[in-house]
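Protein chains: 4
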Amino acid sequence: MAIEAGQETQGGGRIRLGMVGGGEGAFIGGVHRMAARLDGQFELVAGALSSDPERAKASAAALGLAPDRSYGSFAEMAKREARLKDGIEAVAIVTPNHMHYPAAREFLKRGIHVICDKPLTSTMADAKKLAGLAQTSGALFVLTHNYTGYPMIRQAREMIAAGELGTIRLVQAEYPQDWLTERLEASGQKQADWRTDPQRSGAGGCVGDIGTHAYNLACFVSGLELEELSAELTTFVEGRRLDDNVQVMMRFRGGARGMLWASQVAPGNENGLRLRIYGEKGGLEWEQEQPNHLWFTPFGEPKRLITRGGAGAGAAAGRVTRVPAGHPEGYLEGFATIYQEAAHAIRAARAGKPSGPEVLYPGISEGLAGMAFIDACVRSSRANGRWIAL
Amino acid sequence: MAIEAGQETQGGGRIRLGMVGGGEGAFIGGVHRMAARLDGQFELVAGALSSDPERAKASAAALGLAPDRSYGSFAEMAKREARLKDGIEAVAIVTPNHMHYPAAREFLKRGIHVICDKPLTSTMADAKKLAGLAQTSGALFVLTHNYTGYPMIRQAREMIAAGELGTIRLVQAEYPQDWLTERLEASGQKQADWRTDPQRSGAGGCVGDIGTHAYNLACFVSGLELEELSAELTTFVEGRRLDDNVQVMMRFRGGARGMLWASQVAPGNENGLRLRIYGEKGGLEWEQEQPNHLWFTPFGEPKRLITRGGAGAGAAAGRVTRVPAGHPEGYLEGFATIYQEAAHAIRAARAGKPSGPEVLYPGISEGLAGMAFIDACVRSSRANGRWIAL
Amino acid sequence: MAIEAGQETQGGGRIRLGMVGGGEGAFIGGVHRMAARLDGQFELVAGALSSDPERAKASAAALGLAPDRSYGSFAEMAKREARLKDGIEAVAIVTPNHMHYPAAREFLKRGIHVICDKPLTSTMADAKKLAGLAQTSGALFVLTHNYTGYPMIRQAREMIAAGELGTIRLVQAEYPQDWLTERLEASGQKQADWRTDPQRSGAGGCVGDIGTHAYNLACFVSGLELEELSAELTTFVEGRRLDDNVQVMMRFRGGARGMLWASQVAPGNENGLRLRIYGEKGGLEWEQEQPNHLWFTPFGEPKRLITRGGAGAGAAAGRVTRVPAGHPEGYLEGFATIYQEAAHAIRAARAGKPSGPEVLYPGISEGLAGMAFIDACVRSSRANGRWIAL
Amino acid sequence: MAIEAGQETQGGGRIRLGMVGGGEGAFIGGVHRMAARLDGQFELVAGALSSDPERAKASAAALGLAPDRSYGSFAEMAKREARLKDGIEAVAIVTPNHMHYPAAREFLKRGIHVICDKPLTSTMADAKKLAGLAQTSGALFVLTHNYTGYPMIRQAREMIAAGELGTIRLVQAEYPQDWLTERLEASGQKQADWRTDPQRSGAGGCVGDIGTHAYNLACFVSGLELEELSAELTTFVEGRRLDDNVQVMMRFRGGARGMLWASQVAPGNENGLRLRIYGEKGGLEWEQEQPNHLWFTPFGEPKRLITRGGAGAGAAAGRVTRVPAGHPEGYLEGFATIYQEAAHAIRAARAGKPSGPEVLYPGISEGLAGMAFIDACVRSSRANGRWIAL
């Protein structure tokens with residue numbers, strides 16, 4: 001069963017989607033909806049869009065949901081939609097982290113597919129329970145580590161898997177931002193508020209919010225597994241309750257080494273996610289803010305710029321490419337690719353078949369890996385940088 | 001009536017859309033559909049997707065159109081949809097240029113809004129007839145000069161209008177590509193085939209296909225009007241019937257000068273649309289392949305990089321911005337902004353109101369200007385570069 | 001006789017150099033001296049550094065010249081040095097343009113080699129007389145079109161000569177600056193003063209000062225000859241007596257086309273000399289402000305970045321490279337290469353031999369070509385852009 | 001006593017310079033000579049250019065040294081030159097690291113100024129002895145941490161000292177190269193040979209060769225002092241005897257944090273020295289391969305590009321700037337600035353005066369700091385990354 005980004009609605013019509021969270025004022029909910037719409041594979045038909053009933057209702061109306069499918073709670077939505085003849089087949093969970101587990105549980109146990117924002121949960125205990133549920137449920141679990149959907153990330157992964165870099169030696173990952181340079185949470189700004197709150201975010205601040213993205217991407221592209229890490233988490237802004245800067249040294253199985261830097265207090269950086277991987281034969285360099293470009297540096301030859309859709313881009317990138325080279329695709333397209341692959345898998349599931357090997361969306365195991373990374377960073381940092389095995 | 005990109009379906013539900021052209025194998029049809037879906041404002045419900053009946057039917061089925069709303073011709077579609085209670089309110093015309101006029105005519109005269117690909121038509125005569133129709137029809141006419149939808153283009157336009165560059169002196173526009181470096185049309189490649197065919201494309205090849213984009217953008221951003229031009233059109237590839245390289249010198253009303261270069265035979269260039277505008281007090285520089293960045297160069301001060309969503313971006317860019325700074329928006333988002341603004345205007349029209357001044361989609365006058373530009377370039381070039389007044 | 005940049009003093013000791021112009025407050029004189037010193041091939045021993053006797057004396061003292069070799073005029077210097085046993089072997093002429101001819105004459109006719117700043121002269125008549133003199137004199141004439149000394153420019157030239165781009169179709173040259181955005185000459189600033197004065201600069205302002213550099217470089221690299229041009233010279237700043245913006249359309253022998261833009265009123269541009277050349281098989285792109293990089297764009301393959309000293313750089317670049325890849329060489333090194341090649345030729349001349357074919361400094365014919373370019377631009381612009389044959 | 005790059009020979013004539021090492025086939029010797037010549041402040045008059053007598057003699061002849069001032073050993077040179085009336089005033093030591101101390105000792109104890117390549121020595125014991133000598137000798141000791149001579153590095157240092165970034169939080173330094181990706185030393189390549197040999201290089205390979213440069217620059221610019229570090233040194237290439245990759249986590253006095261990565265096995269990197277420093281109010285970013293640019297990122301404002309010689313560049317950069325903005329200065333110019341400042345200090349010493357506070361060349365204390373850094377990295381790495389205080 002082939003897959004192709006930009007492929008539009010197929011037999012059986014659009015997939016009926018619900019959403020938990022994402023009411024007015026939220027950021028990531030709108031992103032999920034745009035991503036779900038772009039390729040025409042999903043139709044949003046139900047929502048528990050806010051824990052505030054008024055806001056939930058208003059948000060549902062603005063989105064054109066039928067009033068009787070705007071719910072006051074995810075539990076209510078799960079229960080009723082599961083009984084409807086045309087109830088939702090999948091749900092997007094876009095709440096703060098601490099709600100991922102309780103929400104996902106209600107849908108998974110009723111066989112409704114879950115598309116969940118990262119990190120997996122706010123605690124390791126929740127993560128393990130969720131993993132257990134996901135394994136026994138017949139439903140799919142998709143984790144939106146969205147950067148894996150960028151075509152040139154697929155290209156990089158394919159090149160490394162094909163041995164074009166030789167044995168990997170070095171993985172340098174970074175994700176600097178600047179939006180928490182000052183104590184924004186003190187202003188009540190919604191995003192800053194929950195992301196710096198241990199109750200809702202978990203034990204990791206910057207490390208959970210963006211460090212996991214960089215870590216996930218490093219593993220996704222390199223194909224390596226982290227063996228142990230030494231971390232230094234810092235909170236620079238006075239009064240902040242979670243880390244806002246993350247430094248990690250990494251030892252991968254097989255001998256590769258790496259460093260990871262994530263920060264939310266580096267002025268001038270917006271979403272500076274960057275990955276550089278070097279092997280015995282060559283290297284690859286990629287930056288999220290110029291995602292259509294991939295530098296390939298074969299040792300002893302001039303550097304080559306591989307572009308999305310251009311000469312040198314292979315099948316893996318091609319499958320998730322929507323427009324020709326030189327017309328930039330961005331964040332929403334990459335995000336939509338996760339939805340596109342989820343749709344593909346859901347249609348395969350409808351037919352009782354597995355999806356093909358080219359479907360690469362992150363799932364529960366990537367979620368657990370991310371939680372283990374956060375946990376190890378927190379423990380290493382508390383132990384003055386002691387190496388922690390994963 | 002405020003407008004905001006990313007704003008999702010509003011009162012009255014999605015706008016019912018038809019499409020002419022855009023069947024399997026086409027390029028721009030899929031782009032229009034993604035753009036129409038992104039913000040959830042449109043629902044594709046009918047199509048005359050191909051002049052080949054088999055392909056039309058197959059394409060419609062793949063897109064999930066009801067069989068009775070897949071038509072064999074645009075004329076049939078216009079006639080029947082106009083009579084349906086829930087017939088289409090708008091149509092996207094995504095055919096080769098020579099079909100723009102006959103197709104648009106059928107819909108405009110029935111009061112169905114038209115969203116049409118550029119250039120306006122294949123001949124000046126058609127352009128004038130279409131303009132006449134558009135002025136008398138109650139329906140809206142939207143021309144997808146999509147690059148005007150990029151947020152940083154809106155930013156640049158706003159800054160110039162506010163006088164931040166002082167009186168404009170120079171407009172340097174360019175749009176190099178490389179896809180026609182060899183005689184691709186000889187291979188039967190669909191895009192190359194019609195774009196190099198005077199019958200379907202019109203008298204301009206490269207100048208009509210991308211020269212008009214650069215010209216449109218230069219005028220949109222600078223606010224200037226072209227007074228006269230001197231052009232050199234060249235066909236480098238043997239056997240090609242239209243120009244594949246365009247050089248233009250430009251004199252604008254008020255004394256500004258400019259140059260425009262468009263090429264389809266410049267190896268290494270994908271969609272290198274670039275605009276540089278300089279005034280007495282400062283300059284602006286922008287490149288389509290890095291559309292989230294705008295350089296502002298106030299004379300005597302360090303250059304500043306204004307980013308989409310970042311500090312320094314104003315209201316005009318903000319209205320058409322979907323995701324925060326550092327998460328790149330690209331071609332589809334810019335294209336979708338034209339659809340978003342069309343939707344806004346259509347909803348205003350439903351309510352019998354004009355859309356607000358912040359709605360900036362190109363229309364019939366920009367279409368006529370583009371046709372005049374093509375015509376003047378062709379005439380000047382034939383007259384050995386004689387200056388031609390516009 | 002091999003040549004290599006960075007090669008230091010050879011048999012016979014340093015070449016004794018004099019200088020005309022370049023006293024305190026001048027710009028280009030100091031550049032020539034640094035260039036002459038870098039490789040240790042020259043020793044400045046005499047000067048007529050200023051027409052102002054006090055300034056001449058003070059400048060000579062600051063440079064450590066013997067008092068009796070600081071002259072009040074170039075004529076006096078030429079006469080006396082020619083008679084000295086250890087008199088100068090070469091002279092650098094770094095005055096405003098109108099003095100190039102009278103100064104060069106005095107030295108050439110006495111068999112003293114001349115290294116002269118560009119453009120050749122301030123009038124075509126002077127240029128022709130100088131060319132006549134240079135042809136009959138036994139002395140060498142070197143014109144410091146210094147950009148030809150950049151290693152990646154040599155690389156580009158070599159690649160084109162070797163056919164790596166196929167037949168050349170397009171030459172896009174530009175050289176924007178911003179330093180004359182306002183009427184700087186009104187402030188008495190020395191550089192602005194003479195460069196905007198027709199008496200000292202000649203009939204071309206911007207076209208003579210930097211347009212000729214861009215033109216020289218385009219021909220040097222492409223190997224093409226200009227057949228005819230159509231130009232538009234503009235003076236944007238009120239009260240200025242010469243052009244400050246230059247637009248040129250170019251037709252080369254053999255069918256290639258090109259455009260050239262030079263400006264001194266483009267805010268944010270420092271020395272934005274840029275060359276892009278495209279052929280049937282590929283292209284090359286280079287920018288003076290990042291001179292160690294050369295983009296090579298073979299059609300249908302990923303772009304490659306060739307770096308000075310890196311893989312992919314060939315013999316022509318290697319000969320003029322001083323330090324390894326990644327340690328940037330700049331303007332002075334490129335300039336010094338002209339001096340290095342002049343030294344090489346002078347040493348060959350001492351031995352009564354011609355210098356080898358790898359010595360590529362510009363000379364009298366490049367000087368005449370530059371003067372013809374200025375003249376044609378001025379005439380074409382006055383004739384409303386009429387095509388002028390060269 | 002003011003200083004200015006590009007300032008040429010002053011009263012008292014050129015400074016007489018000797019050189020130890022730097023014979024044919026060496027790399028850094030030629031660099032020192034070009035740097036010494038550029039501003040006309042030095043004259044190379046003596047040398048012990050090689051431990052191989054034949055090569056020493058041939059090299060001296062090629063450089064035009066008088067035969068009786070080409071020595072077979074540095075000891076002989078020091079002894080004899082000290083007795084000559086016009087003997088050398090300063091000596092450049094450009095040997096492998098293990099010879100720095102024995103050579104410097106001979107000159108310092110005779111009051112001859114020393115300009116020495118980095119790192120200071122090959123062992124900590126030698127470093128301490130050298131420091132003792134330098135403190136008691138009346139002669140100056142200059143260490144060529146040449147990157148401190150780049151104008152935009154001076155600019156960055158000045159801005160931080162002036163508080164434009166507020167309290168510094170983060171220092172991210174890196175210096176990737178690729179030239180030792182394969183086992184180049186096995187080929188006998190001279191540079192690779194001694195740099196990977198513990199006897200000649202010292203206990204640090206990559207960390208000593210380039211890690212110290214990055215560390216030196218980080219401290220020079222930030223004004224911070226390192227408190228403790230945790231390091232991981234790796235040798236990727238089989239058979240190599242010293243580290244070829246360096247990862248360091250850094251804690252600075254006052255609470256700033258940092259990371260440092262240096263590598264000689266990162267394909268595609270030439271001399272990728274890069275420094276990013278962030279404070280409470282803004283950040284600065286600089287890359288050695290584009291040294292004329294400095295990004296300034298005040299929090300909450302658009303990024304600004306400060307260029308060498310351009311608007312926004314201050315007095316500290318101006319003092320070491322030779323040519324106007326847009327004409328790139330590179331590695332040799334930065335290196336020459338160390339020589340220029342050494343000359344300034346030597347002339348001041350001639351006059352019995354101290355040099356002014358604007359003379360910033362690195363000296364013995366920077367040398368000791370570098371040795372302590374190498375030592376701490378080696379010890380931390382051997383102790384599995386234990387934090388080591390400096």
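Chains as they are written, first to last, in full-length UniProt numbering: chain A, 1 to 390; chain B, 1 to 390; chain C, 1 to 390; chain D, 1 to 390.
Backbone N, C-alpha and C fix where the C-beta goes; we use that ideal spot for every residue, glycine too.
For clarity, every value in this text was computed on a predicted model and none was experimentally measured.
Between G30 (chain C) and R55 (chain C) a beta carbon distance of about 14 Å is seen, past the 8 Å cut, so the two are scored as non-contacting.
Between the region 340-359 of chain C and the region 181-194 of chain C there are fewer than three inter-stretch CB-CB distances shorter than 8 Å, so the stretches are not counted as touching. The three-state reading of DSSP puts Y215 (chain C) in helix, counting H, G and I together.
Secondary structure within the region 49-136 of chain A: the beta strand (DSSP E) runs of 3 or more consecutive residues, fully enclosed, are 90-93 and 113-116 (chain order).
Contact with chain C is found for P302 (chain A), since one of that chain's Cβ atoms lies less than 8 Å from the residue's Cβ. Of D:V207, D:I306, D:G279 and D:E270, the smallest CA-CA separation from A311 (chain C) is found for D:E270. The shortest C-alpha to C-alpha distance from F299 (chain D) to any of A:A266, A:R276 and A:A313 is the one to A:A266. Per DSSP, the continuous alpha helix (DSSP H) segment holding Y339 (chain A) begins and ends at Y331 to R350. If you draw a straight line from the Cα of V142 (chain B) to the Cα of S201 (chain B), it comes to about 20 Å. Using a Cβ distance threshold of 8 Å, Y215 (chain D) and G334 (chain D) do not count as a contacting pair. Here S381 (chain C) is buried: its Cβ has 16 or more other Cβ atoms, across all protein chains shown, within 10 Å.
Unbroken beta strand (DSSP E) runs of no fewer than 3 residues, entirely contained in the region 232-300 of chain B, are found at 245-252, 257-263, 274-279, 282-287 and 293-298, following chain order. Taken through DSSP and simplified to helix, strand or coil, F42 (chain D) comes out as strand. Taking the Cα positions, E238 (chain C) is about 14 Å away from G254 (chain B).
A contact is defined here as three or more CB-CB pairs under 8 Å, and the region 243-259 of chain C meets this definition with respect to the region 242-256 of chain B.
Between the alpha carbons of A343 (chain C) and T95 (chain D) lies a gap of roughly 30 Å. The residue from B:A156, B:I388 and B:P302 with its alpha-carbon nearest to that of L305 (chain D) is B:P302. Note on K190 (chain B): under 16 other CB atoms within 10 angstroms of its CB, so exposed under the neighbour-count rule. Between the beta-carbon of I88 (chain C) and that of R16 (chain C) there is about 5 Å, and that keeps the pair under the 8 Å contact cut.
For I306 (chain B), the uninterrupted beta strand (DSSP E) run begins and ends at K303 to T307, by DSSP.
One thing to note: L368 (chain A) has its Cβ within 8 Å of the Cβ of A131 (chain A). Taken through DSSP and simplified to helix, strand or coil, R183 (chain D) comes out as coil. Excluding five sequence positions before and after S73 (chain D), the CB atoms of its chain that fall closer than 7 Å to its own CB belong to A48, given in chain order. It is roughly 38 Å from the alpha-carbon of S263 (chain B) to the alpha-carbon of L273 (chain D). Spatial neighbours of A325 (chain D) in its own chain (CB-CB distance under 7 Å, excluding positions within 5 residues in sequence) are listed in chain order as T307, R308, G309 and G310. Under the three-state reduction of DSSP, E158 (chain C) is assigned to helix. One thing to note: M19 (chain A) has its Cβ within 8 Å of the Cβ of V91 (chain A). Listed along chain A are E270, each with a C-beta nearer than 7 Å to that of A325 (chain B). Contacts with chain B at 8 Å (Cβ-Cβ) include A266 (chain C). At a C-beta separation below 8 Å, G312 (chain D) has these neighbours in chain B: E301 and P302. Per DSSP, F373 (chain C) is one residue of the alpha helix (DSSP H) stretching across I364 to R382. Counted as a single uninterrupted DSSP element, the alpha helix (DSSP H) harbouring P198 (chain D) occupies residues P198 to S201.
As DSSP reads the structure, M19 (chain D) sits in a beta bridge with D:G47 and D:A92.
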